[in-house]
Each structure stands twice: as C-alpha cells, then as structure tokens.
Amino acid sequence: MTCLVTGAGSGIGRAIALAFARERAHVIVNDLPSSPSLAALCEEIEALGARCTVAAGDVSDPARVRGIFSNIEQLDVLVNNAGILQESPVTELTDAAWDSMIRMHLYGAFHFSREAARLMKQQHSGSIVNIASDLGQIGCENLSHYSAAKGGIIAFTKSLARELAPYGVRVNAVAPGGVITPMVEALGERYIDEEAARYPLKRLGTPDEIAQVVRFLNSGAASFMTGQIVGVNGGGVMNG
Ligand code: NAD
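Mapping of the sequence shown onto this note's numbering: residues 1 to 240, in sequence order.
And the structure:
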C-alpha cells in the first residue's frame with residue numbers, strides 16, 4: 001500500500017503517517033521544504049519497518065505538486081491534511097490573508113486530488129481523505145477565511161466522491177474538533193481550556209484519535225463509505 005500524507009511534519013499529519021507506517025505501508029510524506037521534521041519522521045517510519053519517501057513542497061504550488069506526482073506510479077491513499085490557522089476579525093482581514101488561507105487549504109487539496117484522481121482513475125482503485133474541520137460545518141468568529149476554506153473542502157469532498165465513484169475510488173473527509181497539536185498549542189493554554197469546555201466530552205482530541213479514523217476510512221472496513229464527512233469532535237457537532 002502506498003500512501004501520501006500532506007503536512008506530515010507535525011500534529012495530525014504526523015500521527016496519520018505513523019499510523020500507516022505501523023501497517024507497513026510505503027508512506028510518502030509531504031510538508032513545506034522548510035519543515036525541520038520530515039527527516040526525523042522518515043527515520044521513525046523506517047524504524048517501524050515501513051518505507052518512507054520525502055516529497056517536500058508547498059501544496060499551493062501546482063507545478064511542485066505535478067513534480068511530486070511525476071515520481072509516483074501508483075497510489076492507494078491520499079490524505080490532504082496540510083493546514084494553517086490565523087485569527088482575524090473579518091473587518092481586519094486583508095485580501096492577501098484571505099487569499100493565502102484559501103490557496104493553502106482549498107487549492108492545496110485540489111492540486112493533490114487532481115493528480116491523485118488521474119492515477120486512481122487509471123488504477124480503478126484508491127481512497128482520498130480530506131482533513132476538514134468542525135468549523136467548516138458550524139463557522140467561527142475571527143476565522144471566517146479558515147472556516148470558508150474548510151466548508152469548501154467539505155463540498156469538494158462530496159463532489160469528488162460522486163465523480164470518482166464509477167472508477168471505484170472513494171473520497172471522504174474527517175472533520176476534527178479541537179485537537180492538541182502545535183497549531184492549537186500556539187493559541188495558548190487559556191484558549192485550550194475554553195475550547196475544551198464547548199465539547200460534550202469536555203476535552204480536546206489527540207492527533208492519534210484523528211489518525212485512527214483516517215486509517216479506518218482508508219481500510220477495507222470502510223469499503224461502502226464515500227462522500228461522508230466524519231465528525232471526530234468530542235460531540236461538538238452532532239449530524240444525522
Ligand atoms: P500543525 O500546524 O501541527 O500541522 C500542519 C502541518 O501542515 C505543518 O507541518 C505545516 O508545516 C504544514 N503546512 C502548512 N502549510 C503548508 C503548505 N503550504 N504546504 C505543505 N505543508 C504545509 O496543525 P494540525 O493541527 O496537525 O493540522 C492538521 C490539519 O488538521 C489542518 O488541515 C488543520 O486545519 C486541521 N484541523 C486541525 C484541528 C486542530 O484543532 N488541531 C481541528 C480541525 C482541523
């Protein structure tokens with residue numbers, strides 16, 4: 001099994017890459033070229049007996065994404081996970097900040113999915129999981145650009161699921177609630193406590209709790225699931 005994980009250098013992406021490594025998959029790990037942690041992650045993956053390939057690059061750069069795929073002949077799993085978070089009231093939000101948020105999340109998922117879909121259509125198999133967010137479902141003050149990008153990823157997931165289903169390719173999304181990662185830790189302890197209070201389970205999740213669900217969605221156990229937005233959110237959003 002060959003799996004590609006974007007934003008694998010930290011937090012949730014790192015946990016997903018390690019979960020695939022425990023299955024002895026060939027894990028292709030992407031993050032920004034400036035990421036200091038990809039080499040160490042690869043060592044950890046190889047220590048688990050799995051193969052690792054580094055494919056560094058900015059997900060919002062389509063030429064770089066094409067370059068990454070020029071070295072991939074077969075792909076079973078793509079996880080679009082790379083993300084950034086930056087708070088701003090909408091009245092202070094510059095065009096540049098809006099653009100870079102949408103470009104990083106929505107264009108990033110589009111660039112990788114387009115290349116993966118070309119391969120997976122030929123293979124007549126494959127699975128794509130997009131990491132969305134509960135904020136793409138319920139919205140959030142001071143995060144309108146982030147929430148809009150994640151809402152876009154949810155609609156993109158459902159559209160791809162319909163388009164690729166005839167080729168035996170499944171596309172799902174995981175919409176995490178708050179998860180303790182460097183992205184959230186950067187917002188401070190008070191933010192984490194306030195965040196935890198809004199979830200029925202009264203805590204934030206761990207990266208591994210997201211990784212386990214991603215792993216499930218890419219396994220044969222989820223063979224009848226496509227176009228689903230799976231909430232892993234301590235009960236913060238209850239759909240159905
Ligand atoms: P993180 O900051 O720990 O990791 C994100 C990784 O993405 C980093 O290694 C970063 O370098 C990489 N990245 C950023 N921009 C990139 C780019 N242009 N190209 C390639 N890589 C890039 O954050 P995390 O919390 O692990 O977030 C992972 C995903 O989960 C994100 O999509 C985030 O929006 C989503 N998410 C996180 C939470 C949470 O509470 N942590 C909640 C819901 C959704």
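Built from N, CA and C at the ideal position, the CB exists for glycine as well.
Check                                                                                                                                                                                     : Outcome
Might you give, ordered along the chain, the residues of its own chain that have their beta carbon closer than 6 angstroms to the beta carbon of R16, omitting 5 neighbours on each side? : Looking at the sequence provided, one finds Ile at residue 16 rather than Arg. Only V5, V79, A211, V214 meet the Cβ criterion.
For the beta strand (DSSP E) that R170 lies in, which residues bound it at each end?                                                                                                      : 169–176
Verify whether the separation of the beta carbon atoms of A155 and N130 is less than 8 angstroms.                                                                                         : no
If distances are taken between C-alpha atoms only, which option among A175, Q228, I128 comes closest to E209?                                                                             : A175
Under a Cβ-count criterion, where at least 16 other Cβ atoms within 10 Å of its own Cβ denotes burial, should T91 be classed as buried or exposed?                                        : exposed
From what residue to what residue does the alpha helix (DSSP H) around S219 run?                                                                                                          : S219 -> no alpha helix (DSSP H), and no H or E assigned at all.
Using only CA atoms, which one of N218, A196, D193, V179 lies nearest to I12?                                                                                                             : V179
Within a Cβ cutoff of 7 angstroms, which residues of the same chain sit near S241, ignoring the five residues on either side of it in sequence?                                           : The question about residue 241 has no answer here: the residues shown for the chain are numbered 1 through 240.
Return the first residue and the last residue of the alpha helix (DSSP H) that R14 is part of.                                                                                            : 11–22
Sorted by chain position, which residues of the same chain lie with C-beta nearer than 8 angstroms to R203's C-beta, five sequence neighbours on each side aside?                         : A196, G234
Contact check, T226 vs N172 under 8 angstroms by CB: the rounded distance?                                                                                                                : 6 angstroms
Taking DSSP as the reference, what is the three-state secondary structure of S127?                                                                                                        : strand
How would you write the range of the alpha helix (DSSP H) that G136 sits in, first residue to last?                                                                                       : 135–138
Does the beta-carbon of A82, which I'm using as the reference point, lie nearer than 7 angstroms to any heavy atom of the ligand NAD?                                                     : yes
Please report the distance separating the alpha-carbon of S144 from that of G49.                                                                                                          : 42 angstroms
Cα separation between P166 and A221?                                                                                                                                                      : 19 angstroms
Taking all protein chains shown into account, decide if L38 is buried (16 or more other Cβ within 10 angstroms of its Cβ) or exposed.                                                     : buried
Considering only C-alpha positions, which residue in the set S133, I138, E163 is nearest to I153?                                                                                         : S133
CB of P176 to nearest heavy atom of the ligand NAD: below 7 angstroms?                                                                                                                    : yes
DSSP puts R51 in a beta bridge; with which residues?                                                                                                                                      : H26
Is P182 a contact residue of the ligand NAD, with contact defined as CB to any heavy atom under 7 angstroms?                                                                              : yes
With a 10 Å radius around its C-beta and 16 neighbouring C-beta atoms as the bar for buried, classify Q86 as buried or exposed.                                                           : exposed
Which partner residues of G83 appear in the DSSP bridge assignment?                                                                                                                       : Looking at the DSSP assignment, G83 forms no beta bridge with any residue, so it has no partner.
Kindly indicate the opening and closing residues of the beta strand (DSSP E) around L252.                                                                                                 : Here the chain covers residues 1 to 240 and nothing more, so residue 252 does not appear.
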